[in-house]
Structure formats: structure tokens, C-alpha cells
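There are 2 protein chains.
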Amino acid sequence: MLCRMTGLRQRKQQRVRADIVRAAFELFAERGFADVTVADIAERAEVGRTTFFRYFGDKQEVAFSDEGLVLDEWQTRTADLPPVTTLAQALAQLREVAIDMCRVVTEDPRRFLVHQRLLRANPELRDRSHRKFDGMCARLRDTLLARGTPPAVAALAPQVAFGCYRAAVELTEDDPAALPDAVAAAFDALARP
Amino acid sequence: MLCRMTGLRQRKQQRVRADIVRAAFELFAERGFADVTVADIAERAEVGRTTFFRYFGDKQEVAFSDEGLVLDEWQTRTADLPPVTTLAQALAQLREVAIDMCRVVTEDPRRFLVHQRLLRANPELRDRSHRKFDGMCARLRDTLLARGTPPAVAALAPQVAFGCYRAAVELTEDDPAALPDAVAAAFDALARP
DNA sequence: GGTCCAAGTGGTACCGAGTACCACATGTGT
DNA sequence: ACACATGTGGTACTCGGTACCACTTGGACC
Numbered sequence: 012m013l014c015r016m017t018g019l020r021q022r023k024q025q026r027v028r029a030d031i032v033r034a035a036f037e038l039f040a041e042r043g044f045a046d047v048t049v050a051d052i053a054e055r056a057e058v059g060r061t062t063f064f065r066y067f068g069d070k071q072e073v074a075f076s077d078e079g080l081v082l083d084e085w086q087t088r089t090a091d092l093p094p095v096t097t098l099a100q101a102l103a104q105l106r107e108v109a110i111d112m113c114r115v116v117t118e119d120p121r122r123f124l125v126h127q128r129l130l131r132a133n134p135e136l137r138d139r140s141h142r143k144f145d146g147m148c149a150r151l152r153d154t155l156l157a158r159g160t161p162p163a164v165a166a167l168a169p170q171v172a173f174g175c176y177r178a179a180v181e182l183t184e185d186d187p188a189a190l191p192d193a194v195a196a197a198f199d200a201l202a203r204p
Numbered sequence: 012m013l014c015r016m017t018g019l020r021q022r023k024q025q026r027v028r029a030d031i032v033r034a035a036f037e038l039f040a041e042r043g044f045a046d047v048t049v050a051d052i053a054e055r056a057e058v059g060r061t062t063f064f065r066y067f068g069d070k071q072e073v074a075f076s077d078e079g080l081v082l083d084e085w086q087t088r089t090a091d092l093p094p095v096t097t098l099a100q101a102l103a104q105l106r107e108v109a110i111d112m113c114r115v116v117t118e119d120p121r122r123f124l125v126h127q128r129l130l131r132a133n134p135e136l137r138d139r140s141h142r143k144f145d146g147m148c149a150r151l152r153d154t155l156l157a158r159g160t161p162p163a164v165a166a167l168a169p170q171v172a173f174g175c176y177r178a179a180v181e182l183t184e185d186d187p188a189a190l191p192d193a194v195a196a197a198f199d200a201l202a203r204p
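Sequences listed follow chains A and B, in order.
Position 22 of the first sequence, counted from 1, bears residue number 33 in this note's numbering, the numbering being contiguous throughout.
Position 26 of the second sequence, counted from 1, bears residue number 37 in this note's numbering, the numbering being contiguous throughout.
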């Protein structure tokens with residue numbers, strides 16, 4: 012009962028997961044998101060339809076397969092920041108975190124662009140993206156609260172920070188390399204009105 | 012071929028629509044959103060399931076039946092604002108619009124609370140809410156752009172404004188009357204960091 | 001009034017997402 | 001080698017949503 016990470020089972024699972032993700036993105040690239048069924052993905056990945064749903068809660072989730080990594084980064088980068096009490100301080104902190112996160116997200120520019128294209132074309136995926144941001148927002152607010160930040164600041168800072176991020180994504184459209192600077196500019200514009 | 016608004020047909024349609032909304036909210040109050048099927052709603056409203064989908068694009072939409080009015084208000088209140096060029100100016104304008112919109116939205120506090128409760132309990136409805144905000148954000152950005160506002164400001168101001176609104180909603184939780192002041196406070200906190 | 005057309009209605013049949021259940025196979029510890 | 005746990009994929013189901021259908025009804029015109 013050692014449950015080692017290196018077991019054959021674990022490796023097989025990772026392979027199946029990777030196969031599903033690869034198959035899905037191939038099909039999305041070919042026919043878009045809406046015109047691909049879960050059965051299609053499962054078939055190309057050579058697994059049962061049932062198995063797909065064992066790895067991904069729903070069809071949207073496979074398009075956010077990197078989400079886990081991003082969330083982990085977010086978690087670690089926000090967990091041990093020094094306490095702040097004013098909105099200006101909070102935004103100054105989040106500015107740096109947001110810039111770093113941009114670099115993480117755009118590490119693979121091709122992947123980032125595919126993802127953005129999918130988001131632009133599919134409202135259901137935008138929904139999912141918003142849901143993700145919502146979760147990150149809520150967690151960040153709780154982190155701030157736990158560090159003694161006043162409730163008004165703890166609620167406002169994350170929402171504003173994500174507003175800056177979203178605006179920067181809108182502005183840079185198809186140029187991931189420009190994203191960090193755009194985010195920085197958004198925070199700066201806000202800090203000196 | 013006069014197509015008058017007062018025709019029997021129009022009145023019947025309005026009645027059917029109202030019946031569906033009433034039936035839906037009754038059932039949502041009884042069993043929540045997820046445990047109510049469209050067939051249930053149609054049955055209680057005494058219409059066919061097909062008819063439901065003729066009035067509402069999907070199950071979520073019936074929970075946002077007021078959306079149209081709010082969007083119209085939003086449209087008229089943002090359409091003819093004087094042009095601005097700086098972020099501070101844009102946010103100052105949006106502060107007033109947002110406060111007014113709060114009053115519109117909370118005009119019927121009971122309804123507002125029911126709606127908020129549904130949103131809190133159902134991720135799918137939060138998705139829908141975000142989608143609505145997204146649309147308003149995009150339209151506002153386009154309006155600002157059309158009025159000659161610089162792109163960076165036009166993209167950032169709406170996102171930040173909605174961030175203030177969302178933070179205010181979070182903070183006031185179950186007290187609609189406090190919403191306008193909370194929104195004002197959020198904008199003020201941002202204007203003087 | 002009667003007639004005709006447009007528009008609304010509801011039924012049937014269908015598709016795809018997602019779930020529950022079950023027999024089967026495969027990795028793993030002993 | 002054995003037994004158990006775990007993953008697999010198939011079947012059957014529910015529900016959201018769409019397409020198409022025949023049927024009814026309101027409204028315009030005579």
C-alpha cells in the first residue's frame with residue numbers, strides 16, 4: 012500500500028489524460044468547440060466516453076486543462092505576501108503578482124493564443140473562464156481578510172486587479188508578449204489618476 | 012396589417028410570458044434552480060415545453076427575465092454622456108451611472124434578494140450573470156471608443172467600474188438599501204488611494 | 001358575418017451533455 | 001500465484017435544447 016507516484020497505473024493515467032487533452036485540442040482546432048462532441052474526443056483519444064468524464068467533469072474543463080497549474084502558481088504567489096491595510100498597498104502588491112502571472116500564462120504563447128481564440132468564439136468557455144476568475148477572486152479576498160486587511164479593501168482590490176488583467180487582455184488581443192506591460196500600465200493608470 | 016401593441020395576440024403573449032416567469036420563480040423558491048426541470052416549469056405554467064423555449068432561449072434566461080429592462084436603462088444612461096479622455100474622468104462619470112443603476116436594480120428589494128440568493132447557490136446562474144456584465148462592459152467600451160476616449164481608458168474603465176459594483180454587492184450581501192452607498196464608497200476609494 | 005393568411009402553439013422525434021450502474025480487466029501488495 | 005483495489009468501457013437513463021410537424025387562433029380585408 013505504498014501508493015508511489017511512479018507506479019505503472021499513475022503513468023497510464025497521465026497518458027490517458029494527455030491523450031484526451033491532445034485529441035480535444037486537435038478537434039477544437041479542426042472544427043471549433045461547439046461542433047466537437049465528447050464522443051468525438053473520446054473516440055480520437057481511444058478511450059470510452061465514460062472515461063472522458065472520469066478525467067474531466069465536463070466538456071469545458073478539458074479546454075482548461077492547464078488551470079490547475081495556474082491556480083497553484085496563483086495560490087503560492089498570493090499566500091505569503093506581507094499584510095496590507097490600504098487599497099493602494101493592496102493594488103501595488105497585486106500589480107507585481109499579476110505581472111508574474113501573465114508571464115506564467117503566456118509561457119507557451121501558441122497555447123495561450125489558441126486558448127484566447129477559443130474563449131473569443133465560445134460564450135460557454137468565457138463563462139468557464141469567468142467562473143475561474145471568480146474563484147481566484149474569492150480566494151484572494153479570503154487571504155487578504157485572513158491577513159487583517161479591512162473587508163472593503165479585501166473585496167475591492169481583487170475585483171479591480173482582475174479588471175486590470177481583463178482590460179489588458181482585451182487591449183493586447185493577439186500579442187501575448189505585450190500582456191505583462193499592458194497589465195502594468197493598467198495598474199499604473201489606476202494608481203495615478 | 013397595423014400590428015398594434017394592444018392586440019389580443021400581444022396581450023396573450025405577455026400573459027404566457029408572465030405565467031412562465033411566475034411558475035419558474037415559484038418552483039425555484041420551492042426546490043432551487045437545479046432541481047427544477049423545464050418540463051416542470053412548462054407544466055405549472057400550463058404551456059408546452061416547446062413554448063417555454065420560444066419565450067426563453069434557455070433555462071437560465073427565465074431567471075434573468077428583468078434583464079431587458081436593466082439593459083435598456085444602462086443603454087440610455089451611458090449613451091449620451093459627455094466625452095472624456097482620462098481614466099479619472101471616465102470613472103467619475105461611471106460612478107454616477109453605477110449608483111443610479113443600483114437604485115434601478117434594487118427598486119424591488121425582495122426580488123433583488125431572491126435573485127442574489129439564486130446567484131449565490133447556482134454557478135450556472137453566476138455564469139449567466141457574468142456573461143451579462145461582459146456584454147455591458149463591451150458595449151460601454153465601444154460607446155467610449157466612439158466618443159473618442161483613448162482605447163486604454165475605454166477598455167479599463169468599464170472593467171474597473173464593474174469591479175467596484177461586484178465588490179459592493181459582495182460587501183452588502185443581504186442589504187440592497189446599502190448598495191448605492193457601497194458602490195459610491197468603492198469608486199471613492201479608488202479615486203483617492 | 002365569412003375567408004384567408006400570418007403567427008403562435010404543442011406534440012414528436014431527435015441530438016448531445018452528463019450520471020448511475022455494472023461486468024470486466026489490469027496493476028499492486030502479500 | 002493469489003486477492004484486492006482501482007480503473008475501464010458499455011448500457012441505459014435524465015434533461016437541456018433544436019427541428020419539424022400539423023393544428024389552432026387572432027387579425028385584416030371583403
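Glycine included, each C-beta is placed from N, C-alpha and C at the ideal position.
So, is residue i buried or exposed, given that buried needs 16 or more other C-beta atoms within 10 angstroms?
i, result
"Lys-23(A)", "exposed"
"Glu-41(A)", "exposed"
"Ala-45(B)", "exposed"
"Met-12(B)", "Below a pLDDT of 50, predicted positions are generally treated as unreliable, and Met-12(B), at 44, falls in that range; no measurement from the model is reported."
"Arg-20(B)", "exposed"
Cα-Cα, which of the options is closest to residue i?
i, options, result
"Ala-172(A)", "Ala-149(A), Asp-185(A), Val-125(A) and Tyr-66(A)", "Ala-149(A)"
"Ala-180(A)", "Ala-166(B), Leu-92(B), Asp-185(B) and Gln-71(B)", "The identity of residue 180(A) in the sequence shown is Val, whereas the question assumes Ala. When each option's Cα is compared against that of Val-180(A), the closest is Ala-166(B)."
"Val-194(A)", "Asp-111(A), Arg-137(A) and Gly-146(A)", "Asp-111(A)"
"Glu-37(A)", "Arg-26(A), Cys-175(A), Gly-146(A) and Ala-56(A)", "Ala-56(A)"
"Leu-156(A)", "Leu-92(A), Ala-132(A), Asp-185(A) and Val-115(A)", "Leu-92(A)"
"Leu-206(B)", "Pro-191(B), Gly-18(B) and Glu-184(B)", "Only positions 12 to 204 of chain B appear in this structure, which leaves residue 206(B) out of reach."
"Arg-68(B)", "Cys-175(B), Arg-128(B), Arg-28(B) and Thr-17(B)", "Rather than Arg, the amino acid found at residue 68(B) in this sequence is Gly. Nearest option by C-alpha distance: Arg-28(B)."
"Gly-146(A)", "Gln-86(A), Thr-17(A), Ala-189(A) and Thr-48(A)", "Gln-86(A)"
"Thr-183(A)", "Cys-113(A), Leu-19(A) and Phe-63(A)", "Cys-113(A)"
At which residues does the alpha helix (DSSP H) containing residue i begin and terminate?
i, result
"Phe-123(A)", "120-132"
"Leu-105(A)", "98-116"
"Arg-20(A)", "19-42"
"Pro-191(A)", "190-202"
"Val-171(A)", "162-183"
"Glu-72(B)", "Note, Glu-72(B): premise wrong, no alpha helix (DSSP H); not H, not E."
"Ala-90(B)", "78-90"
"Phe-63(A)", "60-66"
"Arg-158(B)", "Here Arg-158(B) belongs to no alpha helix (DSSP H), and DSSP marks it neither H nor E."
"Ala-50(B)", "49-56"
Does the beta-carbon distance from residue i to residue j come in below 8 Å?
i, j, result
"Pro-161(B)", "Thr-96(B)", "yes"
"Arg-177(B)", "Pro-134(A)", "no"
"Leu-201(A)", "Leu-98(B)", "yes"
"Ala-35(B)", "Val-81(B)", "no"
"Gly-43(B)", "Ala-101(B)", "no"
"Gln-71(A)", "Arg-137(A)", "no"
"Cys-175(A)", "Phe-144(A)", "no"
"Glu-84(A)", "Val-115(A)", "yes"
Once you ignore the five residues that flank residue i on each side, which residues in its own chain have a CB closer than 7 Å to its CB?
i, result
"Val-108(A)", "Arg-88 and Thr-89"
"Ser-76(B)", "Val-32"
"Ala-50(B)", "Arg-60"
"Arg-152(A)", "Ala-165, Ala-166 and Pro-169"
"Cys-14(B)", "Reliability fails at Cys-14(B), whose pLDDT of 44 lies under 50, so the model's placement of it is uncertain and the value that follows must be treated cautiously. Once the five neighbours on either side are set aside, Cys-14(B) has no close Cβ partner at all."
"Pro-187(B)", "Thr-117, Pro-120, Phe-123 and Leu-124"
"Val-47(A)", "Leu-38 and Phe-39"
"Phe-63(A)", "Ile-31, Val-49, Ile-52 and Ala-53"
Please list, in chain order, all residues of the same chain as residue i whose beta carbon is under 6 Å from its beta carbon, the five residues on each side excluded.
i, result
"His-126(B)", "none"
"Arg-158(B)", "Pro-94"
"Thr-154(A)", "Thr-89"
"Ala-189(A)", "Thr-183"
Excluding the 5 residues preceding and the 5 following residue i in the sequence, name in chain order all residues of the same chain whose CB lies nearer than 8 Å to its CB.
i, result
"Ala-196(A)", "Ala-179"
"Leu-130(B)", "Leu-136, Arg-137 and Ser-140"
"Val-58(B)", "Val-27, Asp-30 and Ile-31"
"Asp-185(B)", "Leu-124 and Gln-127"
Any heavy atom of the ligand GTP within a distance shorter than 7 Å of the CB on residue i?
i, result
"Ala-165(A)", "This structure lacks the ligand GTP, and indeed carries no ligand of any kind."
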